[in-house]
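Residues in the sequence shown are numbered from 630 upward in steps of one, following the working numbering. A virtual CB, placed ideally from N, CA and C, is assigned to each residue, including glycine. Just so it is clear, the structure is predicted and the values come from calculations on it, not from any experiment.
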Amino acid sequence: MNDKPMSDRDVLGRVKALVDEEHKLRNHEPDPTRLAQVETELDQCWDLLRQRRAHKEFGQNPDEASVRPVREVEGYQQ
Numbered sequence: 630m631n632d633k634p635m636s637d638r639d640v641l642g643r644v645k646a647l648v649d650e651e652h653k654l655r656n657h658e659p660d661p662t663r664l665a666q667v668e669t670e671l672d673q674c675w676d677l678l679r680q681r682r683a684h685k686e687f688g689q690n691p692d693e694a695s696v697r698p699v700r701e702v703e704g705y706q707q
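Dropping the structure here:
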C-alpha cells in the first residue's frame with residue numbers, strides 16, 4: 630500500500646480488489662507466493678480501516694492512521 634492517506638472508501642475498494650484476487654488464486658490460479666502477499670495486504674487493510682474508525686470515534690483525524698508493518702499486524706490475536 631502507499632504512504633498517501635486513504636479514505637475509508639479507498640481502503641474498502643482495495644479490500645474488495647484483494648478479496649477478488651484471493652478467490653481467483655484459490656480457485657483457478659494457485660500461486661502460493663502471491664496468495665500469501667494478498668493475505669498479508671488484506672490484514673494491513675483491515676487494520677488500517679479499524680484504525681481510521683477508532684480515530685473517528687474518538688474525535689481524531691482518521692487521516693493520521695497509518696499502515697502498520699506486516700510483523701505487527703500479523704501478530705494480532707483475532
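{"Check": "Assigned secondary structure, asparagine 699 (DSSP; H/G/I helix, E/B strand, else coil)", "Outcome": "The sequence given here places valine at residue 699; asparagine does not occur at that position. Three-state result, valine 699: helix."}
{"Check": "Best match in Gln689, Ser636, Glu703, Arg638 for proximity to leucine 671 [C-alpha to C-alpha]", "Outcome": "Glu703"}
{"Check": "The segment 644 to 661 / the segment 691 to 699 touching (three or more Cβ pairs under 8 Å)", "Outcome": "no"}
{"Check": "Reduced DSSP secondary structure (H/G/I, E/B, other) of asparagine 656", "Outcome": "helix"}
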